[in-house]
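Just so we're on the same page, this note's numbering is the position in the sequence shown counted from 1, plus 1. Built from N, CA and C at the ideal position, the CB exists for glycine as well. Reviewing the structure listed below.
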Amino acid sequence: MSEDTDVPVHEQESAPDPASPSSQQRRRAWRPEADAEAAALLRRLAATCWLIGGRDDELIAAVRRNEHALRSAVARLGWVLIVERDLVRLRKSPPPRPQAWADQGPNAAACSWFFLLLAAAESMPPRTAVGHLVTQAHAAAAEAGLPVHHDITERRAILAALHMLDDRGVIERLDGDLDRYLHDEQAPVLLAVHHTRLAYVIANPGTLDPAADPHAWLEQAQREPDAARRMRRALVDDTCVHTALLDDAEAQWLSQRVRGDDGGPLADAFGLVLERRAEGAAFVVPDDALRHLSELGPMPFPAPGTIAHAALLLLDHAALHGAVENAPGPGWRSLSEEAVVAALTAFGADNTSGRGGWSTEYVRDPFLLVAKVRDLLTGTHLARLTPTTPQVDGETTLMWWFAPTTGRWAEEGTAQPKTARTRSRRGTPTPQRPHIPVQQGLFSATETDKNPEGHPA
């Protein structure tokens with residue numbers, strides 16, 4: 002087992018007491034329904050890190066029933082599970098792809114006001130009006146040397162930050178409508194400030210002093226230093242792991258530890274199935290564990306809608322016309338951004354009318370469509386963008402690299418959604434896919450090397 006796994010050792014007893022705590026604990030661990038409940042809770046917490054009393058009472062009670070199993074599983078990831086009477090908070094280690102996560106998160110202004118409001122909340126009474134809290138946040142901004150404008154753009158950022166705090170249960174709305182603040186800075190909204198929860202907002206505070214060395218602190222907060230824990234989190238909390246994108250320590254872990262003593266038991270704890278191929282690995286959700294698209298996180302794929310359909314068509318196009326020169330690894334295919342814009346523009350022209358027609362907004366603005374498709378594919382780790390070599394005039398363009406995993410959906414001339422769906426970066430993984438024809442170079446090296454259950458041999 003890995004060095005950070007706490008495995009209890011029990012001495013042999015000739016006649017253990019059935020009523021003893023250790024016997025009861027072992028019986029609970031053997032109950033299939035208990036294992037299934039713990040696995041479902043782990044998947045839920047991986048996607049929703051805050052459970053708040055009054056809103057998630059049933060889930061909090063379930064966490065208490067399975068607390069030992071949950072703590073054992075998250076400890077392998079370097080995560081911290083906080084369980085209080087009216088709060089469950091899962092504090093995670095740094096994300097596997099921090100830039101992709103940041104791109105999908107709130108804008109910089111909303112994030113700034115989020116922390117300014119937190120700083121102001123520390124000195125506020127347990128009950129306060131939204132206007133008083135924002136006034137104190139303005140004072141904190143002035144103290145930090147940040148500009149304050151009192152305009153509609155700033156109020157939008159503050160409102161977004163207030164909703165983020167309310168979602169986490171740190172500052173809760175008791176009375177009134179938060180959205181009224183957008184047009185009235187003194188809107189009659191009563192807030193509850195939970196001071197004890199303020200300390201749990203920073204998921205990964207690190208061990209360094211941010212005031213003494215902010216750059217070192219930020220580096221520590223952005224990247225998990227232990228390669229094994231980085232890989233475990235990537236498998237649990239990201240769509241997949243691509244072999245070609247790993248450093249030496251990560252590649253060694255994937256080669257030696259993903260199946261037996263490390264990755265396999267972790268997948269079992271989350272109720273997932275390990276899928277391992279030459280191009281990488283992924284944890285997938287069995288069909289019977291998935292009920293709704295929302296369980297896959299904020300970015301399920303394939304899914305209904307213009308953006309997802311456009312992404313599917315682009316995957317088809319890349320499978321047929323993408324280049325393989327200078328690829329990161331086997332199975333990767335590339336298109337220049339100019340080619341992506343041209344392809345999506347043509348697809349939009351072909352899907353403007355009739356049932357299932359695309360949104361007029363995206364058809365009229367191909368660059369907006371490109372940006373949305375880029376966010377979807379990079380957020381789900383199905384594509385990565387790299388700058389090309391500077392040209393004679395010094396300009397660079399972006400190259401879109403499509404991962405081998407896109408072979409799950411890419412078929413010649415079609416882009417019909419399959420039953421398998423990939424998970425998002427903060428959601429649960431994808432249910433197992435059916436067999437589909439494979440394009441040359443996309444999983445072709447290992448597609449037939451499987452056992453009858455559909456997993457790699």
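Identity of the residue in 73, 110, 275 and 349 nearest residue 148 by Cα = For residue 148, the closest alpha carbon among the candidates 73, 110, 275 and 349 is that of 110.
Give a yes or no on whether the C-beta atoms belonging to residue 286 and residue 272 are separated by under 9 angstroms.
-> For the pair residue 286 and residue 272, the CB atoms are nearer than the 9 angstroms cut-off.
Have a look at residue 141 and residue 135 and give me their C-alpha separation to the nearest angstrom.
-> CA-CA distance, residue 141 to residue 135, rounds to 10 angstroms.
On the three-state DSSP scale, how would you describe residue 170?
-> The three-state secondary structure of residue 170, taken from DSSP, is coil.
What residue range is occupied by the uninterrupted beta strand (DSSP E) comprising residue 88?
-> It spans 88-92 - the beta strand (DSSP E) in which residue 88 sits, taken as one unbroken run.
For residue 304, three-class secondary structure by DSSP = Coil at residue 304, not helix or strand.
Keeping to the same chain, check which residues put their C-beta closer than 6 angstroms to that of residue 319; ignore five residues upstream and five downstream.
-> Excluding positions up to five away in sequence, the list reads 334, 336 and 403.
Over what stretch of residues does the beta strand (DSSP E) that includes residue 53 continue unbroken?
-> Element bounds for residue 53: 51-53.
Let me know if residue 301 comes out buried or exposed under the rule of 16 or more other beta-carbons within 10 Å of its beta-carbon.
-> Residue 301 should be labelled buried.
Reducing DSSP to helix, strand and coil, say where residue 325 ends up.
-> Residue state, collapsed to three classes: coil.
If you draw a straight line from the C-alpha of residue 96 to the C-alpha of residue 255, how long is it?
-> The C-alpha of residue 255 is placed about 18 angstroms away from the C-alpha of residue 96.
Where residue 240 sits in the DSSP three-state scheme | Residue 240 falls in the coil class under three-state DSSP.
Among 224, 228 and 251, the one whose alpha carbon lies nearest that of residue 100 = Among 224, 228 and 251, the Cα nearest to that of residue 100 belongs to 224.
With distances taken Cα to Cα, identify the nearest neighbour of residue 42 among 390, 74 and 380.
-> Of the candidates 390, 74 and 380, the one whose C-alpha sits nearest the C-alpha of residue 42 is 74.
Simplified DSSP state of residue 271, which is helix, strand or coil = Three-state DSSP puts residue 271 in coil, outside helix and strand.
Mind checking whether residue 410 and residue 345 have CB atoms under 9 angstroms apart?
-> If you check the CB distance, residue 410 and residue 345 do not come in under 9 angstroms.
Cβ-Cβ separation, residue 62 to residue 38 (assumed contact under 8 angstroms), whole Å | Not a contact, Cβ separation roughly 11 angstroms.
Cβ-Cβ separation, residue 308 to residue 259 (assumed contact under 8 angstroms), whole Å | In fact, because the Cβ distance is near 32 angstroms, the residues do not count as touching under 8 angstroms.
Extent of the continuous alpha helix (DSSP H) run through residue 349 | Element bounds for residue 349: 338-351.
Among 139, 170, 243 and 283, which one has its Cα closest to the Cα of residue 332?
-> With respect to the C-alpha of residue 332, the residue from 139, 170, 243 and 283 having the closest C-alpha is 243.
Going by the beta-carbon positions, is the gap between residue 231 and residue 267 smaller than 9 angstroms?
-> In this structure, residue 231 sits away from residue 267, with a CB-CB distance that is not shorter than 9 angstroms.
Minimum Cβ-Cβ distance from residue 210 to chain C less than 9 angstroms = Reference to chain C is not applicable here, since this structure consists of a single protein chain.
Under the three-state reduction of DSSP, which class applies to residue 232: helix, strand or coil?
-> Taken through DSSP and simplified to helix, strand or coil, residue 232 comes out as helix.
Helix, strand or coil: which one does DSSP assign to residue 385?
-> The three-state reading of DSSP puts residue 385 in strand, counting E and B together.
Using the C-alpha atoms, what's the distance from residue 343 back to residue 163?
-> Here the alpha carbons of residue 343 and residue 163 stand approximately 40 angstroms from one another.
Quick one: what does DSSP say residue 45 is sitting in, helix, strand or coil?
-> Look at residue 45 here: in three-state DSSP terms it is helix.
Identify which residue in 137, 86 and 71 has its Cα closest to the Cα of residue 79.
-> Residue 71 is the option with its Cα nearest to residue 79.
Could you pull the start and end residues of the alpha helix (DSSP H) that residue 254 belongs to?
-> DSSP places residue 254 in the uninterrupted alpha helix (DSSP H) bounded by 249-257.
Consult DSSP for residue 278 and reduce its assignment to one of helix, strand or coil.
-> Note: residue 278 maps to strand in three-state DSSP.
Taking one C-beta from the stretch 110-124 and one from the stretch 190-210 each time, how about it: are there three or more such pairs within less than 8 angstroms?
-> Taking a contact to require three or more Cβ pairs closer than 8 angstroms, the stretch 110-124 and the stretch 190-210 qualify as touching.
Same chain only: Cβ atoms within 8 angstroms of residue 67, ignoring 5 sequence neighbours per side = Once the five neighbours on either side are set aside, the close Cβ partners of residue 67 are 35, 38, 39 and 42.
Take the Cβ of residue 387 as the centre, count every other Cβ of all protein chains shown within 10 Å, and call the residue buried at 16 or more, exposed below.
-> The residue in question, residue 387, is exposed, as its Cβ has fewer than 16 Cβ neighbours within 10 Å.
Note down, in chain order, each residue of its chain lying with its Cβ closer than 6 angstroms to the Cβ of residue 54, except the 5 sequence neighbours on either side.
-> Same-chain partners within the cutoff: 87.
Using a threshold of 9 angstroms, state whether the C-beta atoms of residue 173 and residue 180 are closer than that.
-> Taking 9 angstroms as the cut-off, the Cβ atoms of residue 173 and residue 180 do not count as close.
Euclidean distance between Cα positions of residue 216 and residue 222 | Distance between the alpha carbons of residue 216 and residue 222 is about 10 angstroms.
CB of residue 245 within 9 angstroms of CB of residue 324, strictly | Contact check for residue 245 against residue 324 fails: the beta carbons are separated by 9 angstroms or more.
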